[in-house]
Amino acid sequence: MKETDFRTLVADISRLANTTLPEGVTGHAQLEIDGINFTLMDGAAMEEGSIAYFCDFGPIPDNGDRADILQRLLECNLLMFGVGTPTFSVNFETGHAMLMGRAELAQIDAQKLVNAFIHYATQARQWQQNHFLESTRRTRSKTQHRLVSAA
Numbered sequence: 007m008k009e010t011d012f013r014t015l016v017a018d019i020s021r022l023a024n025t026t027l028p029e030g031v032t033g034h035a036q037l038e039i040d041g042i043n044f045t046l047m048d049g050a051a052m053e054e055g056s057i058a059y060f061c062d063f064g065p066i067p068d069n070g071d072r073a074d075i076l077q078r079l080l081e082c083n084l085l086m087f088g089v090g091t092p093t094f095s096v097n098f099e100t101g102h103a104m105l106m107g108r109a110e111l112a113q114i115d116a117q118k119l120v121n122a123f124i125h126y127a128t129q130a131r132q133w134q135q136n137h138f139l140e141s142t143r144r145t146r147s148k149t150q151h152r153l154v155s156a157a
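Note that this note's numbering numbers the sequence shown so that position 116 is 122, with each residue one more than the last.
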């Protein structure tokens with residue numbers, strides 16, 4: 007993607023999400039949407055015509071539930087598996103859970119990304135409250151957390 011196209015997309019996302027446009031946008035940008043931090047990266051280095059996004063779900067607790075929390079994120083990955091769907095991972099630098107994905111620019115626009123990011127922000131706030139463990143504490147439920155694709 008051309009640098010100007012990436013900047014335009016970030017500016018459009020900022021406007022639609024009613025957030026402050028980051029200064030000095032080049033190949034990446036940091037945005038806060040509904041109180042949750044997102045990082046956007048021009049995906050040209052990995053795949054021309056794409057964008058990578060990262061939603062910071064927050065720190066993974068270092069307590070007795072840590073293994074269950076990490077397992078739950080892996081279960082979410084299995085349930086969300088599909089073309090264009092995001093994946094959970096752990097940022098080794100911060101220890102935070104991250105939802106990350108890629109989108110092809112030919113199939114996405116700023117409004118679709120903002121809609122997905124608002125949904126991810128809602129899920130991130132829920133995760134920060136219960137780490138998606140509510141149903142595992144009762145019994146394993148057939149109803150699982152499902153995150154929509156940005157595409």
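Idealized CB from N, CA, C, for every residue including glycine.
Burial check for residue 92: the Cβ neighbour count within 10 Å reaches 16 or more, so the residue is buried.
Residue 105 sits buried, since 16 or more C-beta atoms from the chains shown fall within 10 Å of its C-beta.
Proximity to residue 65 across 56, 99, 38 peaks at 99, based on C-alpha coordinates. For the pair of segments examined, the region 105-116 was found to touch the region 47-60: the number of CB pairs separated by less than 8 Å reaches three.
Judged by DSSP secondary structure, residue 96 falls within the beta strand (DSSP E) whose first and last residues are 93-96. Of the other Cβ atoms in all chains shown, 16 or more fall within 10 Å of the Cβ of residue 35; this residue is therefore buried.
Annotated three-state conformation of residue 43 is strand, per DSSP.
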